[in-house]
Amino acid sequence: MRFRTRAAFAAAGVALALVASGCGADDGDGSGSGDNKKVEVFTWWADGGEKAGLDGLVAQFKTDCSQYEFVNGAVAGGAGSNAKQVLASRLQQGDPPDTFQAHAGAELSDYIKAGQIEDLSAQYQEWGLTSAFPKGLIDSLTVDGKIYSVPANIHRANVLWANKKVLAEAGITAAPKDLPEFFTQLDTLKANGVAAPLALGKDWTQQMLFEAVLISDLGPEKFTGLWNGQTDWGGADVTTAINDYKKLLSYSNKDRDTFDWTDAEKLVMDGKAAYQLMGDWEAADLDAKGFKDYSYSVFPGNGNAYQWLADSFVLPKGAKNPEGTKCWLKTLGSAAGQKAFNTKKGSIPARTDAVATDYPAYQQAAIADWAKGVPVPSCPHGSACSQGWQGAVASAQGKFSSDGDVASLQKALVAAAKQFAGK
Amino acid sequence: MTTTPSSTTRPRRRPGATRAKLRRWAPGLLLLSPSLVLLAIFVYGLIGWTVKLSLSDEHNALGNKGFVGLKNFTDLFTEDINGRFVHSLKNLLIFTVVFIIGALVMGLLWAFLLERGVRGEGFLRAVYLFPMAISFVASGVVWRWLMNSGTDDAAGGLNRIFVDLHLGFLQNPWWTDPDWGMAAMALPAIWQLSGYVMALFLSGFRGIPAELREAAAVDGASTYQLYRHVLFPQLTPTALSALIILGHMSMKMFDLIMSVSGAQWITEVPAVYVWQALLTSDYAKAAAISIILLLLVAIVIVPYLIYNNRVERRS
Chain A
1 MRFRTRAAFA AAGVALALVA SGCGADDGDG SGSGDNKKVE VFTWWADGGE
51 KAGLDGLVAQ FKTDCSQYEF VNGAVAGGAG SNAKQVLASR LQQGDPPDTF
101 QAHAGAELSD YIKAGQIEDL SAQYQEWGLT SAFPKGLIDS LTVDGKIYSV
151 PANIHRANVL WANKKVLAEA GITAAPKDLP EFFTQLDTLK ANGVAAPLAL
201 GKDWTQQMLF EAVLISDLGP EKFTGLWNGQ TDWGGADVTT AINDYKKLLS
251 YSNKDRDTFD WTDAEKLVMD GKAAYQLMGD WEAADLDAKG FKDYSYSVFP
301 GNGNAYQWLA DSFVLPKGAK NPEGTKCWLK TLGSAAGQKA FNTKKGSIPA
351 RTDAVATDYP AYQQAAIADW AKGVPVPSCP HGSACSQGWQ GAVASAQGKF
401 SSDGDVASLQ KALVAAAKQF AGK
Chain B
1001 MTTTPSSTTR PRRRPGATRA KLRRWAPGLL LLSPSLVLLA IFVYGLIGWT
1051 VKLSLSDEHN ALGNKGFVGL KNFTDLFTED INGRFVHSLK NLLIFTVVFI
1101 IGALVMGLLW AFLLERGVRG EGFLRAVYLF PMAISFVASG VVWRWLMNSG
1151 TDDAAGGLNR IFVDLHLGFL QNPWWTDPDW GMAAMALPAI WQLSGYVMAL
1201 FLSGFRGIPA ELREAAAVDG ASTYQLYRHV LFPQLTPTAL SALIILGHMS
1251 MKMFDLIMSV SGAQWITEVP AVYVWQALLT SDYAKAAAIS IILLLLVAIV
1301 IVPYLIYNNR VERRS
């Protein structure tokens, strides 16, 4: 996942990745030569809640697909960036794993264009996934009429987290409904001695906040259009959004560029800030840290827009055991499989028929929102744009954080869209 | 390494000289050949491969589609969004200038003080030299905390010390300053390498023959004149070596910046940009930046190697 410090353990991670790639290749040869039972599942879920989710899924796979054997091809370190490097080299060498993890949506486009993954549209019909997933999600997954991946989970990016105590002290009782109300509340908080009421971190967290503002100012439909070329980045509404975003930055901590999302989260926990925009993995993190005084709401003005990101699995061309992979994907897409995975990982199932009572409190609310919300994609988390586009926007956002130059940010966003859209 | 058998006795011209010559340097060549082969493949071969990549249009995981000439290089200067590459060069320039001047001045100062005969020289030398033993990653993590940009109530690290000493006006944003942040980033590097520069200068001072000092004393030179006209000119080769070593380290600076700030716009230098381009699978761009970086280092290193070769041949 991109939201961790990517480079933290780069050196150690690369070494690990090399070792793991060696092992992976051996496993592949082993299954190719003998009985076709092994299904190598390539992920970067090596520890924590992610590993627990994977284990839950594997248990379900063992029941549903007892004729196949699960082989764990996880590559640890670098929060997925090492795994992506290993994967790229294996795909180039024509030695793909039986299935691999990737962010659903635009991030898959490279693999699709290279013809490295198979069309799963027929399986979607066969397994009844077309009706189980919401239409907006199916639309986002569809490329030229074909679907190439099965999402394992859904996270929500546009959630505003708050410290209830700080809000109560400033006399704020309800979550803000739109941006003007949000600004009023932030002013009230400032007047009550909270110097920087909005906690913020570095580049990609700023990117998330900016996207939330864009959704408020443009609406979900035009926002989605920004990523497929139907909305102009140079438009006046985008300028308005950049100005609103700039105003929001003035309420945030000045040392934001030195902060990761967990540092910003700590400002909220310590009562030094009242609000933080972050994805819904924050619920699991706050619970794990034993902080109870939090509340959550959709970002002001986002309405029922559900900015999603998802991990998904694919069927690579040249997989040694395509039938085994299909059985894995079928388990993954099934109600039982999604439950086994998501109750442990802290995300919600992509299916709309999930039984909410199986899940903790936050997830119950998220499931209800997902069923009736409008899905919109996210660029920093791979569902809206390719990796190159994401890098360019992150850089432009970093510059804006230091100079606040509205025209220059908009120009950079237009240039990035021109360079990367449709590629 | 360059002074292999050739610097021993000069060959005499006589019949069968080629065979004798062969016999003299064939064993040496044989012994060197494994490392030569490895160098040819892993250094020069890979440089060649990187050059080829930098001339291709491999901008994503799809692989190479064709040859685009120098387009990747010109794009870096003209098409890059927000002038990102030029910005990274500007950052590198500020960093390099502050780092080199800082380390040279501090190193020379310490070497001068030790050379004047301070008590406990061995101890002080160890103290000054010690930071060099620490990796940039380890010291970067500490300096990340020292150069915390929070102020007043939120202050940490050096800013906290300033607040506690009632010197609050000294607080500053360190590396988060958009214009001069890279100068702050050079502080850890200066801290780490001044001791090394000191050691270089100290050995330079010690290498000056005592006769020169005596002769100056006999001629009635003052201490200032002794240093100004006799000792410092003798240190020029040392200063040049120090400049080259610091210069090429600075150009390739990556680990320190990654551990202090992480990869981000304000502190981006070309080496960090290469890493960012690789993460987004833009292999051609990463290769082009790497080649520019290699050329920049070569501009510094090659004249030095030529100069060194000449000096060695002369002696």
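Residue numbers (the working numbering), protein chains in the order written: chain A, 1 to 423; chain B, 1001 to 1315.
All residues carry an ideal CB built from backbone N, CA and C; glycine is no exception.
Quick check on SER1281 (chain B): buried or exposed, where buried means 16 or more other Cβ atoms within 10 Å of its Cβ? Counted from its first residue, the second sequence places residue 1281 (chain B) at position 281. The residue in question, SER1281 (chain B), is buried, as its Cβ has 16 or more Cβ neighbours within 10 Å.
Can you confirm whether ARG1084 (chain B), when its beta carbon is compared against all beta carbons of chain A, has any partner nearer than 9 Å? For the purposes of this step, residue 1084 (chain B) is taken as the residue at position 84 of the second sequence. Judged by the 9 Å Cβ criterion, ARG1084 (chain B) is in contact with chain A.
If we ignore side chains and look at the alpha-carbon of each, how far apart do THR63 (chain A) and ASP311 (chain A) end up? Within the first sequence, numbered from 1, the residue matching residue 63 (chain A) stands at position 63. Within the first sequence, numbered from 1, the residue matching residue 311 (chain A) stands at position 311. Cα-Cα distance, rounded: 22 Å.
Is there at least one Cβ from chain B nearer than 9 Å to GLN387 (chain A)'s Cβ? On the first sequence, residue 387 (chain A) is found 387 positions in, with the first residue counted as 1. Residue-level contact check: GLN387 (chain A) touches chain B, since one or more beta carbons of chain B fall below 9 Å from its beta carbon.
From the DSSP output, read off the bridge partner residues of VAL374 (chain A). Counting from 1 along the first sequence, the entry for residue 374 (chain A) is found at position 374. Its beta-bridge partners are A:ALA305.
Please classify ALA281 (chain A) as buried or exposed, where buried requires at least 16 other C-beta atoms within 10 Å of its C-beta. As a first step, residue 281 (chain A) is located in the first sequence; it is residue number 281 there, counting from the start. Position check: residue 281 (chain A) holds Trp in this sequence, whereas Ala was assumed. Burial call: buried.
Within chain A, the residues that SER1149 (chain B) reaches when beta carbons sit closer than 9 Å: Looking up residue 1149 (chain B) in the second sequence gives position 149. The answer, in chain order, is LYS254, ASP255, ASP257, THR258.
Quick one, which residues of the stretch 1163-1180 of chain B are near chain A if we go by CB-CB under 7 Å, in chain order? For the stretch 1163-1180 of chain B, the residues whose beta carbon sits under 7 Å from a beta carbon of chain A are, in order, THR1176, PRO1178.
Alpha carbon of TRP227 (chain A) to alpha carbon of ASP358 (chain A), nearest angstrom: Residue numbering aside, residue 227 (chain A) sits at position 227 when the first sequence is read from its first letter. Residue numbering aside, residue 358 (chain A) sits at position 358 when the first sequence is read from its first letter. Taking the straight line from one Cα to the other gives about 35 Å.
GLU101 (chain A) versus GLN390 (chain A): straight-line alpha-carbon distance, rounded: Position 101 of the first sequence, counted from the first residue, corresponds to residue 101 (chain A). Position 390 of the first sequence, counted from the first residue, corresponds to residue 390 (chain A). The question names Glu, but residue 101 (chain A) in the sequence shown is Gln. Distance between the alpha carbons of GLN101 (chain A) and GLN390 (chain A) is about 19 Å.
9 Å Cβ cutoff met for GLN230 (chain A) and PRO380 (chain A): Taking the first residue of the first sequence as 1, we reach residue 230 (chain A) at position 230. Taking the first residue of the first sequence as 1, we reach residue 380 (chain A) at position 380. No, the Cβ-Cβ distance between GLN230 (chain A) and PRO380 (chain A) is not below 9 Å.
Looking at chain B, which residues of the stretch 200-229 of chain A have a Cβ within less than 9 Å of any of its Cβ atoms? For the stretch 200-229 of chain A, the residues whose beta carbon sits under 9 Å from a beta carbon of chain B are, in order, LYS202, ASP203.
Buried or exposed for GLY94 (chain A), going by 16 or more other Cβ atoms inside 10 Å? Your numbering for residue 94 (chain A) matches position 94 in the first sequence. With fewer than 16 Cβ atoms within 10 Å of its Cβ, GLY94 (chain A) is classed as exposed.
Using only CA atoms, which one of B:ALA1186, B:GLN1264, B:ASP1152 lies nearest to TRP1143 (chain B)? In the second sequence, counting from the first residue as 1, residue 1143 (chain B) sits at position 143. Looking at the Cα atoms, B:ALA1186 is the closest of the given residues.
When you compare only the Cα positions, how much space is there between LYS272 (chain A) and ALA157 (chain A)? Along the first sequence, read from residue 1 onward, the residue named residue 272 (chain A) stands at position 272. Along the first sequence, read from residue 1 onward, the residue named residue 157 (chain A) stands at position 157. Cα to Cα, LYS272 (chain A) sits roughly 23 Å from ALA157 (chain A).
Simplified DSSP assignment, three categories, for GLN101 (chain A): Translated into positions along the first sequence, residue 101 (chain A) becomes position 101. DSSP places GLN101 (chain A) in strand when its eight states are reduced to three.
With a Cβ-Cβ cutoff of 9 Å, do GLN325 (chain A) and PHE259 (chain A) count as a contact? Position 325 of the first sequence, counted from the first residue, corresponds to residue 325 (chain A). Position 259 of the first sequence, counted from the first residue, corresponds to residue 259 (chain A). Here the sequence assigns Thr to residue 325 (chain A), which means Gln is not the residue at that position. Taking 9 Å as the Cβ cut-off, THR325 (chain A) and PHE259 (chain A) do not qualify as a contacting pair.
Inter-residue Cα distance where the pair is GLY56 (chain A) and VAL71 (chain A): Residue 56 (chain A) sits at position 56 when you count from the first residue of the first sequence. Residue 71 (chain A) sits at position 71 when you count from the first residue of the first sequence. About 14 Å.
Buried or exposed: GLY145 (chain A), going by 16 or more other Cβ atoms within 10 Å of its Cβ? Start at 1 with the first residue of the first sequence, and residue 145 (chain A) comes out as number 145. Exposed is the call here.
Does DSSP put PRO1270 (chain B) in a helix, a strand or coil? The residue you call residue 1270 (chain B) lines up with position 270 of the second sequence. Of the three classes helix, strand and coil, the one that applies to PRO1270 (chain B) here is helix, per DSSP.
Own chain, CB closer than 8 Å to THR173 (chain A), minus 5 neighbours either side, in chain order: As a first step, residue 173 (chain A) must be located in the first sequence, where it is residue number 173. Once the five neighbours on either side are set aside, the close Cβ partners of THR173 (chain A) are LEU167.
Using the three-state DSSP reduction, which class does GLU50 (chain A) fall into: helix, strand or coil? Residue numbering aside, residue 50 (chain A) sits at position 50 when the first sequence is read from its first letter. Of the three classes helix, strand and coil, the one that applies to GLU50 (chain A) here is helix, per DSSP.
Proximity of HIS155 (chain A) and TRP45 (chain A) at Cβ, strictly below 9 Å: In the first sequence, residue 155 (chain A) corresponds to position 155, counting from 1. In the first sequence, residue 45 (chain A) corresponds to position 45, counting from 1. Cβ atoms of HIS155 (chain A) and TRP45 (chain A): not closer than 9 Å.
Quick one, are the C-beta atoms of SER401 (chain A) and ARG256 (chain A) less than 9 Å apart? One-based indexing of the first sequence puts residue 401 (chain A) at position 401. One-based indexing of the first sequence puts residue 256 (chain A) at position 256. Yes, the Cβ-Cβ distance between SER401 (chain A) and ARG256 (chain A) is below 9 Å.
9 Å Cβ cutoff, ILE1081 (chain B) in contact with chain A: One-based indexing of the second sequence puts residue 1081 (chain B) at position 81. It does: the Cβ of ILE1081 (chain B) has a partner Cβ on chain A nearer than 9 Å.
For GLY1140 (chain B), three-class secondary structure by DSSP: Locating residue 1140 (chain B) in the second sequence gives position 140, counting from the first residue. Three-state result, GLY1140 (chain B): helix.
Since I believe LEU1256 (chain B) is in contact with PHE1136 (chain B) (beta carbons under 8 Å), could you give me their beta-carbon distance rounded to a whole number of angstroms? In the second sequence, residue 1136 (chain B) corresponds to position 136, counting from 1. In the second sequence, residue 1256 (chain B) corresponds to position 256, counting from 1. Contact flag correct, Cβ pair sits at about 4 Å.
Interface residues of chain E around SER1135 (chain B) at Cβ under 7 Å? Absence of chain E from the displayed structure is noted, the protein chains being A and B.
Just the Cα atoms here: how many angstroms apart are ASN1309 (chain B) and VAL1302 (chain B)? As a working note, residue 1309 (chain B) is residue 309 in the second sequence. As a working note, residue 1302 (chain B) is residue 302 in the second sequence. Their Cα atoms are separated by approximately 11 Å.
Rounded to a whole number of angstroms, what is the C-alpha to C-alpha distance between GLY28 (chain A) and VAL39 (chain A)? Position 28 of the first sequence, counting from 1, holds the residue named residue 28 (chain A). Position 39 of the first sequence, counting from 1, holds the residue named residue 39 (chain A). Its pLDDT being 39, under 50, GLY28 (chain A) is placed unreliably by the model, and the measurement read from it follows with that caveat. When only Cα atoms are considered, GLY28 (chain A) and VAL39 (chain A) end up about 9 Å apart.
Classify THR1008 (chain B) as helix, strand or coil using the three-state DSSP reduction. Your numbering for residue 1008 (chain B) matches position 8 in the second sequence. Unreliable placement is indicated for THR1008 (chain B), whose pLDDT of 48 sits below 50; no coordinate value is reported for it.
Would GLY290 (chain A) be called buried (16 or more neighbouring beta carbons within 10 Å of its own) or exposed? Translated into positions along the first sequence, residue 290 (chain A) becomes position 290. Around the CB of GLY290 (chain A), fewer than 16 other CB atoms lie within 10 Å, so the residue is classed as exposed.
Exposure of SER1203 (chain B), with buried meaning 16 or more beta-carbon neighbours within 10 Å: The residue you call residue 1203 (chain B) lines up with position 203 of the second sequence. So SER1203 (chain B) ends up on the exposed side.
Chain B within 9 Å of GLY193 (chain A), Cβ atoms only: Within the first sequence, the letter at position 193 stands for residue 193 (chain A). Chain B contact via Cβ: absent.
Go ahead and pull the three-state DSSP assignment for ARG156 (chain A). Within the first sequence, numbered from 1, the residue matching residue 156 (chain A) stands at position 156. Reduced to three states, the DSSP call for ARG156 (chain A) is strand.
List, in chain order, every chain A residue whose beta-carbon is nearer than 9 Å to that of GLN1276 (chain B). Walking along the second sequence from the start, residue 1276 (chain B) turns up at place 276. Those within 9 Å of GLN1276 (chain B) in chain A are GLY391, ALA394, SER395.
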